[in-house]
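Asks:
Residue numbers (the working numbering): 48 to 155.
Below, the structure written as structure tokens:
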């Protein structure tokens, strides 16, 4: 169950970064909607991370949470915000994902 909550926390970090990207691209009242989404997703993500670290090693949980966020944010940038997708970026995202899986496999 803790691993599922950790993945959910990482996905909410992606919602946070997506909202952050949208805030920079909209004007007027729409900024407030995305700002609210940013605050809610950030708070819930942090609360889930805090809960998970009661059962999983802090270093492992934090590394996986940030890894999901980092890899996912690069992909969000590529697919939603038209950021460049070079082979180097793809390679290092793949490397990061392999590292996240490795941490899951070796944690107790």
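Glycine included, each C-beta is placed from N, C-alpha and C at the ideal position.
1) Give a yes or no on contact between the stretch 105 to 112 and the stretch 56 to 75, applying the rule of three or more CB pairs nearer than 8 Å.
2) Where does the unbroken alpha helix (DSSP H) through residue 75 begin, and where does it stop?
3) Just checking my contact of residue 119 with residue 61 at CB under 8 Å: how many whole Å lie between their CB atoms?
4) Should residue 85 and residue 70 be called a contact, given that it needs their Cβ atoms to be closer than 9 Å?
5) For residue 108, count neighbouring C-beta atoms within 10 Å of its own C-beta (all shown protein chains included) and say buried if the count is 16 or more, exposed if not.
Replies: Here's the rundown:
1) Touching, yes.
2) Annotation: residue 75 is outside any alpha helix (DSSP H) and is labelled neither H nor E by DSSP.
3) 4 Å between Cβ atoms; contact.
4) Yes, these two residues count as a Cβ contact at 9 Å.
5) Classified as buried, residue 108 has 16 or more neighbouring CB atoms from the shown chains inside 10 Å of its CB.
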